[in-house]
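Residue numbers (my numbering): 34 to 510. Taking it in order: structure first as structure tokens, then the write-up.
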RNA sequence: GACCCCUUCGUCUAGUGGUUAGGACUCAAGAUUUUCAUUCUUGCAACAGGGGUUCGAUUCCCCUAGGGGUCGCCA
């Protein structure tokens, strides 16, 4: 086996790309790039019951928009294909036969009810629930006869008794588990598909995977994999068990408590760079105080040694902050590109480019994702809804004087020049001898629909002469 | 329950056998701004507990506790 780094992302298409999977993808990709290795995408669709129709498309397209591109995989090819497990059934069959022939695996005819009952009894007796190997006692002839009779069966891996399986995890160091803890895992299901355990091990070996990055939840089944490699006479890859991403309440990140699909954040319009940056930092960090990393930075800086052991909480509040930081870095023009589709979808006419740019300038400081720009901008595209309280403010004599002043001076207002505009507005306060709230609230309420919001010059700039005057006239008595 | 993994502010984390235990988010206060947002400044806030080892432990070892994971013909 070569020393080449070959890593793989092996999602099962049971849903859209998950935040946890994204992080594994990021680490895989960064590790491959850093070590000039290869990053492979393999689809693990051995569970035919849980397939989600467009999951594979979503996984591939999401990885693409994230910018994590794979060197080998479905639709891309490579020397180790096919890269979809359902297309590799004959390969698995071959190794399963080998395991059976060598006595490392055996047929099991127990049905669900039998197994459920077995488990229930064991639990009642406070024993560890495990397959009791009753089918291991079946003779070759008996097995053959039942197969020919058409009985449904699975094939189980026979674990050795009382043997300590040890491996040197890249994150955790030495991990030891006694085989007595491990069940005789089903490796071939009755529908003819292999289980994860068999398929992943065979593929990782055949695809010459050097490092297996996966979630910590796999630690306890690693002995099965180690044993499988041993039975097949293969060398096991290096295991890299990553800490898990958790909900705020420290339960495993779940749909119930969080939006877990990357698609969701993409749809809301979180900057891709922010998603990458934030997710990469759950469980990994450089030695310094730096916390802004592009995907390229990650490829340069990433190292297994600095991956944390402890699980990390997904904190949407910090994601929001980080996303906002990325958005504030963008030019109005770039932000407009990103936000435009959301505005069009909302039915707003954004054909006035200058106005839209001014709207972006206003939204920029207030949002974490592009879709949020709508709620901070709709007042520039819709009729205003003014509260009774604010209507009372507008009705006051001084308010009416302020509005009248601007309407009458419409032609003298330096609309185009931000600085001049500011000076003009200030001068108005002096001339009318109305200042503070009394001066600014009627302006903001009439133009924006609320006493709190953007600067008055900004509002003038966004709305332009015609709309500004029109809005003022609407509330003039 | 058994086994495995983990444990620095509420959260993400840096860190060392001797540090005022550092940064970021959140929160609070102040500054800037006519208001809101942004920005800036300051502040609040942590080494899970108990034993060792040591001149000295947050750091090394052990135990306990707590959290998480696994115990499927799911991955």
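We treat Cβ as the ideally placed atom computed from N, Cα and C, and that holds for glycine.
- For residue 317, the three-state secondary structure derived from DSSP is strand.
- When the beta-carbon positions are compared, residue 414 and residue 372 stay at least 7 Å from each other.
- Of all alpha-carbon atoms in 142, 44 and 99, the one lying nearest the alpha-carbon of residue 182 is that of 142.
- Its chain contains 414 as the residues whose beta carbon lies nearer than 8 Å to that of residue 382, once the 5 sequence neighbours on both sides are disregarded; these appear in chain order.
- Residue pairing by DSSP places residue 201 opposite 207 in a beta bridge.
- Per DSSP, the beta bridge partners of residue 227 are 221.
- The alpha carbon of residue 376 has as its nearest neighbour, out of 405, 59 and 172, the alpha carbon of 405.
- Counting of Cβ neighbours within 10 angstroms places residue 354 among the exposed residues, the total staying below 16.
- Distances from the CA of residue 100 to each of 199, 234, 66 and 370 were compared; the closest alpha carbon is that of 66.
- Between residue 448 and residue 490, the alpha-carbon positions lie close to 9 Å from each other.
- Of all alpha-carbon atoms in 418, 265 and 52, the one lying nearest the alpha-carbon of residue 298 is that of 52.
- By the Cβ neighbour-count rule, residue 456 is exposed, with fewer than 16 other Cβ atoms within 10 Å of its own.
- DSSP places residue 106 in the strand class (E or B) of the three-state scheme.
- Residue 509 carries a coil assignment under DSSP once its states are collapsed to helix, strand and coil.
- With respect to residue 209, residue 197 sits close: the two C-beta atoms are nearer than 7 Å.
- Take the alpha-carbon of residue 155 and the one of residue 82: they are about 28 Å apart.
- When 212, 204, 389 and 190 are compared, the shortest CA-CA separation from residue 234 is found for 190.
- Taking the Cα positions, residue 433 is about 22 Å away from residue 494.
- Residue 277 has no beta-bridge partner at all, per DSSP.
- Comparing alpha carbon positions, the residue from 252, 94 and 274 closest to residue 246 is 274.
- Inclusion of residue 38 and residue 68 in the CB contact set at 7 Å is warranted, their separation being smaller than that value.
- 7 Å or more divides the Cβ of residue 509 from the Cβ of residue 475.
- Residue 257 counts as buried, since no fewer than 16 other beta carbons sit within 10 angstroms of its beta carbon.
- Annotation for residue 135: 264 place their beta carbon closer than 8 Å to its own, counting only its chain and skipping 5 residues before and after.
- With a beta-carbon spacing of about 14 Å, residue 359 and residue 313 fall beyond the 8 Å limit used to define contacts.
- Among the bridge pairs identified by DSSP, residue 139 is matched with 189.
- Inter-residue distance for residue 477 and residue 486 is about 7 Å (C-alpha atoms, whole angstroms).
- When rounded, the separation of the alpha-carbon atoms in residue 276 and residue 176 is 43 Å.
- Counting C-beta atoms within 10 angstroms of its own C-beta, residue 283 has fewer than 16 neighbours from the protein chains shown and is therefore classed as exposed.
- Counted as a single uninterrupted DSSP element, the alpha helix (DSSP H) harbouring residue 152 occupies residues 145-157.
- Collapsing the DSSP output to three states places residue 242 in coil.
- If you ignore the 5 residues before and after residue 479, its C-beta comes within less than 7 Å of the C-beta of 427, 436, 504, 505 and 508, all in its own chain and listed in chain order.
- When secondary structure is reduced to three states using DSSP, residue 446 falls in the coil class, being assigned neither helix nor strand.
- Taking the C-beta atoms as reference points, residue 116 is found nearer than 7 Å to residue 75.
- The C-beta distance from residue 188 to residue 138 rounds to 5 Å, short enough to fall under 8 Å.
- It is roughly 28 Å from the alpha-carbon of residue 120 to the alpha-carbon of residue 249.
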